[in-house]
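Enquirer: Take this structure first; my questions come after.
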Amino acid sequence: MSSSSRKSILSKLRQHQRPKVELPNLSEGHWIQYDDPVAQLQKTLEFVGGSFHQVENVGAIENVLANFEEWRAARRVLSLVDEVTGNVCSDEVATPHEFEDLDFVVARGDLAVAENAAVWVDDRQVRHRVCYFITQYLILVVNRDSLVSNMYEAYQRLGQPFPRFGCFISGPSKTADIEQSLVIGAHGCRSMQLFLVG
Amino acid sequence: MQIGLFIPCYIDQLYPEVGLATLELLEQVGCYVEFPEAQTCCGQPMANTGCNAQTQPLAEKFFDVFRSFEFVVAPSGSCVSMVRNHYQEYVRGRPEFESLCARTFELCEFLTDVLHVDTIAVRFPYRVGLHASCHGLRELRLDACSELRSKQSSKVKSLLEKLDGIELVTLNRPDECCGFGGTFAVAEEGVSVLMGEDRVLDHEQSGAQVITATDMSCLMHLEGIVRRQRKKLAIMHIAQILAGRQPEF
Amino acid sequence: MAVHSFDHAQQSNRFVQNRERARWHDSALWFVRQKRDRQASMIPEWEELREKASQIKAYTLNNLADLLEEFERQATRVGAVVHWAAHAEEHNQIVHEILQKHRVRRIVKSKSMLTEECHLNPYLESRGIQVVDTDLGEWIVQLRDESPSHIVLPAIHIKKEEVGETFHQHIGTPEGNADPTFLARAARHHLRQKFIGAEAGITGVNFAVAENGSIVICTNEGNADLGVSLPPVHIACMGIEKLIPRLEDLSVFTRLLARSATGQPITSYTSHFRGPLPGGELHIVIVDNGRSNLRESNEFHRSLHCIRCGACMNTCPVYRRSGGHSYGTTVPGPIGSILAPAMKPETYSSLPYACTLCGSCTDVCPVKIDLHHQLLTWRGELAKERRIPVSKRWSMALASIVLRNTRMYQLAGWLGRNALRYLPRFLVYNRWNVWGRSRDFPPPPRRSFRAAYRERNQKRRERKPSP
């Protein structure tokens, strides 16, 4: 049934030709550039409910985290960043459901975008991608030279090979479905902190 | 400059003062104005209802009445938009059609774009709320549209700003529709009236004493509410203000 | 022929009877429109983005068959299974078969207007499968046995006190607690168990990239990602129009979507799925359900550019004051009023008239669909097919006859003016006078403009006798 529908849909679409239109060349676009992308990133991240830290090196992250009550109280921490200590080993986890009680995930972001505070993470650093979403709190670590101004530059940098799963995360999960009141912490993480390194 | 004055039917029948103000204003700025008496209605009510077959003869009639004028000017953005943006469906292919569209102007844009009027010697010491009539705004781009981010003109506003003593109030919603919408005003009476009431309230709360617009149809709807609710707001077409009329409260 | 079997005006007149609530609804959505304005104003190239988006969509629709095949090839190459459904029923069957094969009894579903359009939930529920909508707004309407009233903000018509009451009844939150943060937390807590227990996850698709076979899903809550990263089976349902040619085209659409929809710079999560979870299955169901017909229409094909941001609803002064349910369709508002009559003209012929032709939707649309012009075009089609009320048809026919003849027009005007002048008020404002229920007529002038003009010219001639 499905294969006959495939045929009928495609042939119907081919039957009716529309006048030719060119696909626009996006490299010619006037995409926004920020004089101070770090400041823009910080401003935008805070606007979307995230917290911003700039540190000299990765080693300094734990010192900053030590200031947070939630971090000190955390029982299950999955760290994908060598310089930050965790106590859960991703490779030992058989089913993603075992991440249910994760308190923190500390992960590398390959890219951060100043215009919308989106940070790219993918499944190349972890087997179970659910960890990004199921954890109560999320810490992302991005190098200063991986900061771009806009989404066009971001997709250019992602390039090839494209991972099996990748996600732009901008701030913590949130909802405004009850009378447009913003509530941080919907189904995904309840807070998101970004460390820009360098 | 020889102008064919295009007076929308409801202005002709219900608001002759607006027509007279338009006539005087155009004469004051040195135009030779003629009102061709064969004109009736541009056909917009039929077109907006979807009755295109009923619109056709009216579009043709309009074309025949006005084709010989150097310019056609009307105190209505909506009716001008009907001619300029929608007549191609009805009068396409007739010689001079495109040039007639290009020669047809809403009053304010005629004053700013064609005549480049830079002074208006009128004193109007009132707080004025400018209702941005939708078709003038979004079909003719007479003023800045709040949705767009491109560089935009401000024709109506710039004319009002030339008046002595005028204060344009800042509305909470600068270009929300009043809810008239032609037959919508009756077919969707509930929403139409609520929209109108919300507009009146916005002008009132912004401290306006006078509500003005480029289109009398919006103003007829708003005036209907203002009168029924006995509010102290004067309603004036922009032609009346520019021609030096004073409000009656 | 039956006309307007669903009458928007009847529904909206009922909605505005509760003025306080209609104004509350209007303000809630206007707030979202203002947030959109602020975000759009921060992007100097906003209009260029809209133009590019429109071009990409036009190109896509023109080359849709090729691009769909390319998408299928690429998606299959990375391990997804692609299914094709000509209509809603087939879509539901395909989804059900996949679930049956895996003996799935419990699924979690993130927001998908397509599955709403196909009425997937009742289809699966009647076959013994528990479906939980995990988007908070959708879950609220699901618990209340309602349908979404907005495509992005499904529960925008519901007050927090009512949500509190619903949660009290269904998940035992304390009676009278209507604090949004408390209620959202309670939902998070309750739904976590649904995510953990789900055996399959269903999602919609925001964009499908032909070039590399990935699908992109945008949420703020993280519910789509949680729902399809725990169970091994992910079913993604998409209309044929969700396609985009290149990965880089996402750089246009992800910049427009959330800014237009909710006034955010981007959604919290923009997830790209290319193939299934390791060891899992990804099924992509591509659905036509009337879209290929719409594509053939010279008038309405541009409505397929829609990326379902909901901005046209938030800006529509009629939608804001009549509520999404007054449209009786899955997709309400301006875009819904174009799509619905294309599917069922006999039912939805009143929707293109639920509009003042103000044009705000057209200017706010991130992919530049000329919404209000299409609504006007619909009116022409519906009138031609005699799908508008007799009252409208006859009054316009009569008016047209009168207006064709200058003398008849003048006579009619004279009659009208004098009726207003001389009839007693109770006769003018009778119960059939819809205009006059809440509005006065203008005070009737003594004479028309043309009479005044004639008089004026007469006087001028008398003053300046011709030589």
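These protein sequence lines are chains Z, X and S, in that order. Counting in our numbering, the first sequence runs from 11 upward without gaps. Counting in our numbering, the second sequence runs from 2 upward without gaps. Counting in our numbering, the third sequence runs from 787 upward without gaps. Virtual Cβ for every residue (Gly too), placed ideally from N, Cα, C. In this text, all values refer to a predicted model and were calculated from it rather than measured experimentally.
#1: I need the straight-line Cα distance from residue 34 of chain Z to residue 1046 of chain S, nearest angstrom please.
#2: Between X:147, X:83, X:90 and X:106, which has its C-alpha nearest residue 1150 of chain S's C-alpha?
#3: Taking 8 Å as the cut-off, decide whether the C-beta atoms of residue 1154 of chain S and residue 840 of chain S are in contact.
#4: Measuring alpha carbon to alpha carbon, tell me which of S:1086, S:1141 and S:1030 ends up nearest residue 1093 of chain S.
#5: Determine, using beta carbons only, whether residue 949 of chain S comes closer than 8 Å to chain C.
#6: If contact means a Cβ-Cβ distance below 7 Å, which residues of the segment 85–115 of chain Z contact chain S?
#7: May I ask you to verify whether the segment 94–106 of chain Z touches the segment 11–27 of chain X, counting CB pairs closer than 8 Å and requiring at least 3?
#8: Examine chain S for any beta-carbon lying closer than 8 Å to the beta-carbon of residue 46 of chain X, and answer yes or no.
#9: Assuming residue 892 of chain S is part of the beta strand (DSSP E), what are its boundary residues?
#10: Hey, residue 825 of chain S and residue 1096 of chain S are a contact pair by Cβ (cut 8 Å); roughly how many whole angstroms apart?
#11: When you compare each of Z:75, Z:58 and Z:25 to residue 65 of chain Z by their alpha carbons, which one comes out closest?
#12: Since I believe residue 1061 of chain S is in contact with residue 865 of chain S (beta carbons under 8 Å), could you give me their beta-carbon distance rounded to a whole number of angstroms?
#13: At the level of alpha carbons, what is the spacing between residue 731 of chain S and residue 898 of chain S?
#14: Of the residues S:1089, S:1234 and S:1038, which one's Cα is nearest the Cα of residue 39 of chain Z?
#15: Please return the same chain residues whose Cβ sits closer than 7 Å to the Cβ of residue 11 of chain Z, not counting the five positions on each side in sequence.
#16: Need the endpoints of the alpha helix (DSSP H) that residue 89 of chain X sits in, please.
#17: Pull up the DSSP beta-bridge partners for residue 165 of chain X, would you.
#18: Which class does residue 184 of chain Z belong to by DSSP, given the choice of helix, strand or coil?
#19: Quick check on residue 1254 of chain S: does DSSP put it in helix, strand or coil?
#20: Any residues in the segment 174–198 of chain Z with a beta carbon nearer than 8 Å to a beta carbon of chain S? Which ones, in chain order?
#21: Please say whether residue 1227 of chain S and residue 1206 of chain S have beta carbons closer to each other than 8 Å?
#22: Return the chain-ordered list of same chain residues with a C-beta closer than 7 Å to the C-beta of residue 788 of chain S, the five sequence neighbours on each side being excluded.
#23: Are the segment 805–820 of chain S and the segment 15–23 of chain Z touching by the rule of at least three beta carbon pairs closer than 8 Å?
#24: Give the straight-line distance between the Cα atoms of residue 62 of chain Z and residue 127 of chain Z, rounded to the nearest whole angstrom.
#25: How many angstroms separate the CA atom of residue 1015 of chain S from the CA atom of residue 921 of chain S?
#26: Could you tell me the alpha carbon to alpha carbon distance between residue 1156 of chain S and residue 1088 of chain S, rounded to whole angstroms?
#27: Considering residue 870 of chain S, what are the terminal residues of the beta strand (DSSP E) in which it resides?
#28: Which chain Z residues sit within Cβ distance under 7 Å of residue 1040 of chain S?
#29: Compute the beta-carbon to beta-carbon distance between residue 1187 of chain S and residue 1135 of chain S, rounded to the nearest angstrom, for a pair I have assumed lies under 8 Å.
#30: List the residues of chain S whose Cβ lies closer than 9 Å to the Cβ of residue 32 of chain Z, in chain order.
#31: Less than 8 Å between CB atoms is the rule here; does residue 129 of chain Z satisfy it with respect to chain S?
#32: Taking 8 Å as the CB-CB cut-off, is residue 165 of chain Z touching chain S?
#33: Since residue 197 of chain Z and residue 1009 of chain S are thought to touch, with beta carbons under 8 Å apart, how far apart are those beta carbons, to the nearest angstrom?
#34: Which of the residues in the segment 116–150 of chain X, read from start to end, lie with their CB under 7 Å from any CB of chain S?
#35: Which residues in the same chain as residue 872 of chain S place their Cβ atom closer than 6 Å to its Cβ, once the five residues preceding and following it in sequence are excluded?
#36: Excluding the 5 residues preceding and the 5 following residue 1117 of chain S in the sequence, name in chain order all residues of the same chain whose CB lies nearer than 8 Å to its CB.
Expert: According to the structure shown:
#1: 21 Å
#2: X:147
#3: yes
#4: S:1030
#5: Absence of chain C from the displayed structure is noted, the protein chains being Z, X and S.
#6: 106, 107 and 110
#7: Touching, no.
#8: yes
#9: 892–895
#10: 14 Å between Cβ atoms; not a contact.
#11: Z:75
#12: 4 Å
#13: Chain S is shown only over 787 to 1253; residue 731 of chain S falls outside these bounds and no answer can be derived.
#14: Minimum Cα distance to residue 39 of chain Z is reached at S:1038.
#15: Bear in mind that the predicted position of residue 11 of chain Z carries a pLDDT of just 49, short of 50, making it unreliable; the figure below should be weighed with that in mind. Here the set comprises nothing.
#16: 89–92
#17: X:124
#18: strand
#19: The displayed coordinates of chain S run from 787 to 1253. Any statement about residue 1254 of chain S would go beyond what the structure contains.
#20: Residues of the segment 174–198 of chain Z with a C-beta atom less than 8 Å from some C-beta of chain S are 174, 175, 176, 177, 178, 179, 180, 181, 182, 183, 184, 185, 186, 187, 188, 189, 190, 191, 193, 195, 196, 197 and 198, listed in chain order.
#21: Taking 8 Å as the cut-off, the Cβ atoms of residue 1206 of chain S and residue 1227 of chain S count as close.
#22: Because residue 788 of chain S sits at a pLDDT of 46, beneath the cut-off of 50, its placement in the model cannot be relied upon, and the following sentence gives the value as read from the coordinates. Counting only Cβ-Cβ distances below 7 Å, and skipping sequence neighbours, we find 1132.
#23: no
#24: 10 Å
#25: 16 Å
#26: Looking at the two C-alpha atoms, the distance is approximately 8 Å.
#27: 866–871
#28: 161
#29: Incorrect: roughly 25 Å between the Cβ atoms, too far for contact.
#30: 841 and 845
#31: no
#32: yes
#33: 4 Å
#34: 135, 139, 140, 146, 147, 148, 149 and 150
#35: 1074
#36: 899, 903, 937, 1094, 1125 and 1126
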